Each structure stands twice: as C-alpha cells, then as structure tokens.
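**Student:**
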Amino acid sequence: MRKSLIAIALVAAGLNVSAQYALKPYGVLPKQRQLNWQETDMYCIVHFSMATYTDKEWGYGDEEPGIFNPKSFNAMQIVGAAKAGGFKGIVVVAKHHDGFCLWPTKTTNHNISKSPYKNGKGDILKEYQLACQKLGMKMAVYCSPWDRNNALYGKPEYVTKVYREQLKELYSNYGPLFMSWHDGANGGDGYYGGTREARKIDRSTYYGWDTTWGITRKMQPGASIFGDVGPDVRWVGNEEGHAGETYWATYTPHAPEEGKVPANGFVKDYEGTEGTRNGKFWMPAECDVPLRRGWFYHQSQDGQSKSAYNLVDLYYKSVGRGACLDLGLSPDKDGLITNEDVNILKQFGGILKQTFAVNLAKGASFKASNIRGNNSTKFGTSFLIDNSRYTYWATNDKVTKPTLEVDLHLAKTFNIIRLRENIKLGQRIEGAAFDAWIDGGWKEIATVPSVGANRLVRLPYNITTSKVRLRITKSPVAVAISDFGLFKEPVHLVAPIINRNKLGEVAITTEAPVGSIRYTTDGTLPTATSPAFIKPFMLAEGGEIKAISLDGNNKPSEVSTQAFGLSKSKWQVIGDDAKKAIDDDANTFVAKSTSSELVVDLGADYTIKTFLYLPRRDKQTDGLVSGYSWAVSNDGTTWQTVADGEFSNIKSNPIEQLVPLKAAVKARYFKLTAVKLISGTGISAAEIGVQVK
211 MRKSLIAIAL
221 VAAGLNVSAQ
231 YALKPYGVLP
241 KQRQLNWQET
251 DMYCIVHFSM
261 ATYTDKEWGY
271 GDEEPGIFNP
281 KSFNAMQIVG
291 AAKAGGFKGI
301 VVVAKHHDGF
311 CLWPTKTTNH
321 NISKSPYKNG
331 KGDILKEYQL
341 ACQKLGMKMA
351 VYCSPWDRNN
361 ALYGKPEYVT
371 KVYREQLKEL
381 YSNYGPLFMS
391 WHDGANGGDG
401 YYGGTREARK
411 IDRSTYYGWD
421 TTWGITRKMQ
431 PGASIFGDVG
441 PDVRWVGNEE
451 GHAGETYWAT
461 YTPHAPEEGK
471 VPANGFVKDY
481 EGTEGTRNGK
491 FWMPAECDVP
501 LRRGWFYHQS
511 QDGQSKSAYN
521 LVDLYYKSVG
531 RGACLDLGLS
541 PDKDGLITNE
551 DVNILKQFGG
561 ILKQTFAVNL
571 AKGASFKASN
581 IRGNNSTKFG
591 TSFLIDNSRY
601 TYWATNDKVT
611 KPTLEVDLHL
621 AKTFNIIRLR
631 ENIKLGQRIE
641 GAAFDAWIDG
651 GWKEIATVPS
661 VGANRLVRLP
671 YNITTSKVRL
681 RITKSPVAVA
691 ISDFGLFKEP
701 VHLVAPIINR
711 NKLGEVAITT
721 EAPVGSIRYT
731 TDGTLPTATS
741 PAFIKPFMLA
751 EGGEIKAISL
761 DGNNKPSEVS
771 TQAFGLSKSK
781 WQVIGDDAKK
791 AIDDDANTFV
801 AKSTSSELVV
811 DLGADYTIKT
821 FLYLPRRDKQ
831 TDGLVSGYSW
841 AVSNDGTTWQ
851 TVADGEFSNI
861 KSNPIEQLVP
871 LKAAVKARYF
881 KLTAVKLISG
891 TGISAAEIGV
901 QVK
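In the working numbering, the protein residues as written are 211 to 903.
1) Quick check on L555: does DSSP put it in helix, strand or coil?
2) Quick check on M748: buried or exposed, where buried means 16 or more other Cβ atoms within 10 Å of its Cβ?
3) Would you grab the beta carbon distance between I818 and V885 for me? Rounded to a whole angstrom, and I think it's under 8 angstroms.
4) If I measure Cβ to Cβ from Q557 and keep anything under 6 angstroms in the same chain, skipping five residues before and after, which residues do I get?
5) With a threshold of 8 angstroms between beta carbons, is D399 in contact with chain B?
6) Mapping the DSSP letters down to three states, classify K684 as helix, strand or coil.
7) Can you grab the Cα-Cα spacing for the pair A433 / S354, in whole Å?
8) In this structure, does DSSP put V439 in helix, strand or coil?
9) Below 8 angstroms CB to CB, which residues in the same chain sit around L652 once its five sequence neighbours on both sides are set aside?
10) Quick one, are the C-beta atoms of Q287 and A459 less than 8 angstroms apart?
11) In the structure shown, what three-state DSSP assignment does E904 receive?
12) Go to D523, then tell me how far its beta strand (DSSP E) extends in each direction, as first and last residue.
13) With distances taken Cα to Cα, identify the nearest neighbour of A906 among P314, D551, E337, N520.
14) Counting C-beta neighbours from all protein chains within 10 Å, is the total for L713 16 or more, i.e. buried, or is it exposed?
15) To which residues of the same chain is S889 closer than 6 angstroms at the C-beta, ignoring the five residues directly before and after it?
16) Is the beta carbon of F388 closer than 8 angstroms to that of A571?
17) Opposite S889 in the DSSP bridges: which residues?
18) Taking the beta strand (DSSP E) that D693 belongs to, which residues open and close that run?
19) Measuring CB to CB, does L635 end up less than 8 angstroms from L340?
20) Taking the alpha-carbon of L614 as reference, which of Y461, T605, L620, D442 has the nearest alpha-carbon?
21) What residues are listed by DSSP as bridge partners for D536?
22) CA-CA distance, K298 and L776?
23) Once the 5 residues before and after G813 are set aside, which same chain residues still bring their CB inside 8 angstroms of it?
24) Which word fits L377, buried or exposed, when buried means at least 16 other C-beta atoms lie within 10 angstroms of its C-beta?
25) Pick from S579, G892, Q867, F821: whose alpha carbon is nearest that of V902?
26) Thinking C497 and Q248 are a contact (beta carbons under 8 angstroms), I'd like their distance in whole angstroms, please.
27) Determine the direct distance from the alpha carbon of A690 to that of S528, and round the result to whole angstroms.
28) Under a three-way DSSP split, which group does R427 fall into?
29) Tell me the DSSP secondary structure of K819 in three-state form.
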C-alpha cells in the first residue's frame with residue numbers, strides 16, 4: 211500500500227512539473243490556415259485580362275469581349291516561371307475592376323464565353339488550376355468587389371446576386387484555394403451597363419463583409435482571407451513590397467472616420483506597415499508589389515522590370531521581416547510571361563536557393579544561459595536546427611533576456627542570420643542583438659526590433675568568425691525560439707545606376723567597384739563591345755539608356771534601363787512659382803493649395819509624343835492627380851486638349867505615369883489640369899515632363 215501511495219505521489223509530482231513548465235501562449239494566436247499561409251513565404255499574383263489589351267491599369271467596364279483572344283496563353287509557362295523563382299503559389303485575378311470574368315460565369319455576360327478565345331469555350335481559371343496541380347503549386351483567387359461594367363453595382367442586388375454568386379462559383383469549381391483575395395478599390399466612375407456615371411457606396415457596410423466571408427469559411431475553410439482588414443491577412447499599406455523594420459503580426463484596424471467600422475478600402479492603411487503591438491487580431495501582412503512598373507502588361511515597360519537583385523532586396527524586407535511577399539506577374543497580349551521576366555524570376559530563385567542551401571550553424575555547439583525547467587528534451591537548443599518552425603528552445607518565465615552562444619568550432623563566413631519564434635505561442639520578442647567573436651572579444655554586428663515568424667538579418671558585409679552570440683534585449687515573457695541559422699549570400703555584380711541632371715548630362719555609377727560599365731542609347735542590349743562609360747554625356751532630347759557592369763572577366767551584371775524625357779534646362783513654369791515640378795529632382799515636389807493647373811513653356815517648339823507625371827513621393831495624397839487633362843499651345847493663350855483620362859491605382863502605386871498620344875503634336879507650351887484629386891484642393895507633382903522620341 212505504501213509503495214502504491216509513493217508511486218501515485220511521484221506521478222502527481224511529475225504532472226505538476228509538466229504543468230508548471232508548459233509555456234503559456236502570449237496574446238492572440240494564429241489559426242491553422244494562417245500558419246499554412248505563413249509557411250508559403252512567397253507567391254505571385256497574376257494580372258491578365260481586358261487591361262492587357264487596352265494598355266490600362268484599370269479598365270472602364272465598356273470593353274468589348276471580342277478583344278480578349280490570346281493566341282498562345284499557357285498557364286504552365288506562367289505558373290512554371292513562378293515556381294522557378296521559388297514561389298509556392300499564385301493568386302489568379304479572375305475578375306478585375308472592369309468586371310470581365312475569366313471563367314464562364316452565370317452571373318454576367320461580360321465573361322470569357324463571349325470572347326473568341328477557344329471559340330467561346332475557354333476557361334482561364336481551369337487552365338491555371340490544372341497547371342498548379344501538375345506543378346505542385348498552391349492557387350488562390352482575386353475577384354474584385356468593384357465592377358465598373360455591371361448595371362447593378364451600387365445596389366444591394368449586386369452584392370447578393372452577382373458578387374457573392376461569383377465567389378460561390380470560384381470556390382466550387384477551382385479549389386482547393388489557399389487564399390481568397392479582396393481588393394480595396396470601391397466605387398467611382400464606370401460604364402455600369404451604359405449609364406457612364408460615378409457611383410458611390412458606403413465602403414463600411416455595402417458588401418456586408420461578415421456575410422461574404424462566411425461563404426468563404428463554409429466553402430473554402432482552408433483559405434486565408436486577404437483584405438485591408440483581413441480578417442486573416444492584412445494589406446501592408448503600400449505597393450512597394452516591404453513591411454516595416456519593426457513588424458507585428460497582430461493588428462487593430464481603424465476606420466479613417468470616427469464612429470465607423472473599418473472595411474476594405476476604408477481603413478488607415480498606413481498602420482498596416484508595422485501592425486499593432488498586442489493588436490486585437492492575429493492578422494499578418496502581405497507585401498504586394500509588381501515585377502514591372504504596373505500590374506498589367508504594357509509594352510512601354512519592357513526592359514524596366516525589377517532585377518533579380520531588386521527582388522532579393524524586397525525578399526529580405528518582406529519575408530525577412532515576418533510577412534509574405536506577393537509578386538505581381540503580367541502576361542503579355544499573347545498570354546505569356548516575357549523572356550525578360552522569366553529569366554529574372556529564374557535568377558532570383560537561383561540566388562535564394564544558393565543562399566539557403568547550407569545552414570552554417572548546423573554542427574555547432576549551443577550554450578544557452580537558461581533552458582526552461584532544465585528540460586533539454588522538451589525545451590533544449592537542439593530544436594534550433596531541426597528544420598521545424600514549431601519545436602523550440604524556451605526559457606523560464608522570469609528569464610526574458612537570455613543569451614545563446616553558438617560555437618561553430620571553425621571560422622566560417624556568413625552574411626545572413628535567421629531567427630524565428632514559434633508563433634503558435636504568439637509573437638513575443640521585442641528586441642534582439644547579434645554579436646560575433648572578433649579579435650578576442652564580442653562585437654555587436656546587428657540588432658532587430660522584432661522577430662516573429664521569420665527574421666532575416668542581411669548584413670552589409672561578410673563576417674568571418676568561429677563564435678556567434680544571440681542576446682534577447684527585450685521581451686515581456688519567456689522566449690520560444692524555433693530556429694537559428696547562418697547563411698552566405700553569393701557574391702554578385704552590382705547593376706549600374708543611371709541618372710541625369712537638369713542640364714541633360716547622364717552619369718552612370720555603381721555601388722561597388724567593377725571592371726567597366728558599358729551602355730547603349732539605341733534600345734539594343736549592351737555587351738562588352740558597347741561604348742564604355744568614362745564621363746557624363748549629354749542626352750538633352752531624351753531617350754532610353756541601357757547599361758551593364760562587367761567584372762575583370764567580362765562577366766555582365768543584369769541590365770539597368772532608364773528612359774528620359776526632354777531636358778528641362780530651358781523650361782519655365784508659367785504663373786506662380788512651381789519650379790520644383792521641373793527641377794529633375796524626384797524628391798522635391800510642388801503642392802498648390804487652390805490651383806488645379808501646371809503650365810510649362812518648353813522654350814522652343816517640339817514634337818511631343820508622350821506626357822509624364824511623377825506623383826509626390828512623401829506618401830501624402832493631397833494634390834495627387836487621379837483624373838487628368840493634357841493640353842498644348844503654340845502661344846500660351848489658345849489651348850488644344852490632346853489627352854484626358856485617369857491615373858488608375860495611383861494612390862496605392864504612385865509611380866511615374868506615362869500618357870502616350872495617339873498622334874504626336876507640335877507645341878511650345880503644355881498644361882496639366884487635375885480634373886480629379888485623391889484628396890486636397892490643389893494639384894501636386896514631383897515632376898512633369900514630355901518625351902519627344
């Protein structure tokens with residue numbers, strides 16, 4: 211009897227110890243679908259629809275289905291290019307704001323069955339689905355809530371009989387889906403069944419998002435829902451592809467108007483960049499950014515795609531800060547990703563694969579200042595290199611600033627550090643530092659203000675050492691660290707940077723020494739035999755420059771491309787002082803309080819082919835032009851309007867806008883009129899200009 215009591219006591223004691231040392235979660239926690247999304251790291255969103263053929267970013271809704279007829283559409287080529295880049299899935303833009311559906315929907319006649327593609331029997335969504343299945347890629351869908359074609363838009367029937375029914379069709383026929391993607395663009399000008407008018411909605415209530423999301427939960431329970439307010443994944447607040455250096459997966463969205471409920475397109479989106487420490491919801495950020503300048507294909511943007519090394523930088527500023535990267539791909543009118551973009555994706559994927567092929571911390575000895583309950587079996591440092599995001603090293607409750615020494619045994623060279631928390635237990639750490647043993651002592655080499663699901667520290671130089679130390683500098687609770695890694699990004703040539711001053715002089719530089727710089731001005735790709743850049747040269751009338759760096763063995767870097775308009779050295783702004791709009795400095799801008807016009811005297815007559823508008827770059831929207839009118843004059847008095855329209859998506863993607871003319875015009879003066887502004891009462895611009903070539 212005595213032995214039985216002792217045994218029972220020992221078992222009870224063991225249970226008490228186990229219960230005592232079970233780590234308590236911190237804050238709000240992710241759902242399984244959010245964990246699955248987080249592990250995806252990178253995926254691509256593919257824009258291919260009416261705007262591809264109209265050369266716009268947003269279609270108006272009056273496009274004829276007959277123009278949609280790609281002669282070589284190949285979902286395998288598109289999905290395969292994404293996979294070669296290391297991406298794990300795609301988001302298919304099934305319907306953009308123009309309302310044209312890429313599947314044979316029953317909800318509207320504005321769909322692919324009314325196009326000549328495959329004699330009206332085509333289904334782009336099904337082709338993507340089959341390609342993803344064959345290549346082992348995840349698939350998601352984007353169905354724009356805004357519909358500039360549909361006559362019912364703005365009425366309750368649009369939501370109940372059109373939009374939600376479209377989602378049901380997509381969920382029923384093209385799953386399983388890893389995401390359901392919902393845009394924040396809502397209401398405005400449109401065709402709307404021929405009325406051609408502006409329609410406004412209450413973005414806070416119109417779509418009845420709770421009911422709409424309920425459809426997703428029922429039909430695609432594994433899909434994370436993306437929107438400005440989630441509820442599973444939030445927009446990061448910019449279309450530049452980066453999260454904040456301080457980044458929280460938790461978030462409390464706020465409406466821009468007091469007393470109203472935040473919704474897609476109706477939220478203080480800038481708060482999404484960093485998130486909210488101890489926010490109300492677990493709602494990690496997606497960082498969306500197009501590979502090209504815009505989301506849809508434009509031939510004028512050929513040669514201007516982000517380089518593989520631009521993408522590497524974005525990777526560290528998105529995935530490397532704990533978010534996910536969503537890269538925009540844009541097939542051309544034939545229905546294919548261009549060779550240029552295919553090669554960039556392949557190079558990018560190769561760099562990442564080479565970088566993370568070997569964890570230099572494997573085989574190292576780890577010495578922690580504390581292990582929870584001295585239980586190395588359950589909470590020890592061996593879990594830091596077992597390739598699991600959810601096994602972890604943990605400390606006692608009162609140990610919130612532990613250290614970890616990593617003895618590599620031999621001197622090793624690295625430039626990337628990886629640190630992860632087990633986010634099943636919440637995002638806990640608020641500060642960490644990394645040291646290297648150099649010249650007989652510890653030297654701090656990096657710090658981070660947050661960790662979360664994935665923190666990648668990209669050092670500006672190589673570190674060679676045999677010992678590394680991690681110091682947690684701030685945490686409200688015990689830590690739960692699942693991964694520690696050291697990696698070496700390969701050496702690469704730096705692509706040139708091309709600039710031009712107001713006088714029209716072009717300079718080409720690099721961030722690091724190279725063997726030589728070669729360039730062209732005739733549109734051809736530069737080679738080792740192209741002219742060498744020795745000193746600045748004139749390009750007063752504008753044109754396109756392509757340049758490469760070469761190493762000592764004539765190995766080329768990626769190509770840099772920069773297009774310039776007419777030199778502004780002899781230009782004058784007419785009227786009030788707005789010289790900053792023509793100073794060739796993208797970082798300065800003019801912002802008028804009342805006037806909606808900018809008038810420029812070119813100093814001589816020129817044959818104008820294209821107008822340019824560069825928005826202010828301080829992330830403010832006052833004076834940002836969304837609707838424009840361009841006019842020309844020979845005397846500065848009598849004006850002829852030669853172009854008008856809208857700068858689509860300019861608030862989210864404030865890049866330089868090009869307005870090519872249907873026919874070139876000869877003039878000395880030009881005028882930009884802001885017909886519509888995103889906000890404010892007067893026009894603003896960082897730069898305006900013209901191209902004559």
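The C-beta atom is built at its ideal place from N, Cα and C for all residues, glycine as well. All values reported here derive from a predicted model rather than from experimental measurement.
**Tutor:** Walking through what the data contain:
1) Of the three classes helix, strand and coil, the one that applies to L555 here is helix, per DSSP.
2) It counts as exposed.
3) Their Cβ separation, rounded to whole angstroms, is 20 angstroms, which puts I818 and V885 out of contact at 8 angstroms.
4) So the list reads A518, once near-sequence residues are dropped.
5) Looking for chain B here will not work: only one protein chain is present.
6) For K684, the secondary structure class from DSSP, reduced to helix, strand or coil, is strand.
7) Between A433 and S354, the C-alpha separation is close to 17 angstroms.
8) In the structure shown, the three-state DSSP call for V439 is coil.
9) First, the residue type needs correcting, since residue 652 is Trp and not Leu in the sequence shown. Excluding residues up to 5 positions away in sequence, D645, A646, R679 lie with their Cβ nearer than 8 angstroms to the Cβ of W652 in the same chain.
10) Going by C-beta atoms, Q287 is not nearer than 8 angstroms to A459.
11) The displayed coordinates of the chain run from 211 to 903. Any statement about residue 904 would go beyond what the structure contains.
12) From DSSP, D523 is part of no beta strand (DSSP E) but of the alpha helix (DSSP H) over 518-528.
13) The question about residue 906 has no answer, for the chain in this structure spans 211 to 903.
14) That one is exposed.
15) Once the five neighbours on either side are set aside, the close Cβ partners of S889 are T831, D832.
16) No.
17) For S889, the pairing in a beta bridge is given by DSSP as D832.
18) The continuous beta strand (DSSP E) containing D693 extends over residues 690-697.
19) No. Outside cutoff.
20) For the residues Y461, T605, L620, D442, the minimum Cα distance to L614 belongs to T605.
21) Note: D536 sits in a beta bridge opposite Y253, D498.
22) Rounded to whole angstroms, K298 to L776 spans 43 angstroms at the Cα level.
23) The residues are K780, W781, Q782, R878.
24) Buried.
25) Taking only the C-alpha atoms, the option nearest V902 is F821.
26) Rounded to the nearest angstrom, the Cβ distance from C497 to Q248 is 13 angstroms, too far for a contact under 8 angstroms.
27) Each residue's Cα considered, the two are about 22 angstroms apart.
28) Residue state, collapsed to three classes: helix.
29) K819 falls in the strand class under three-state DSSP.
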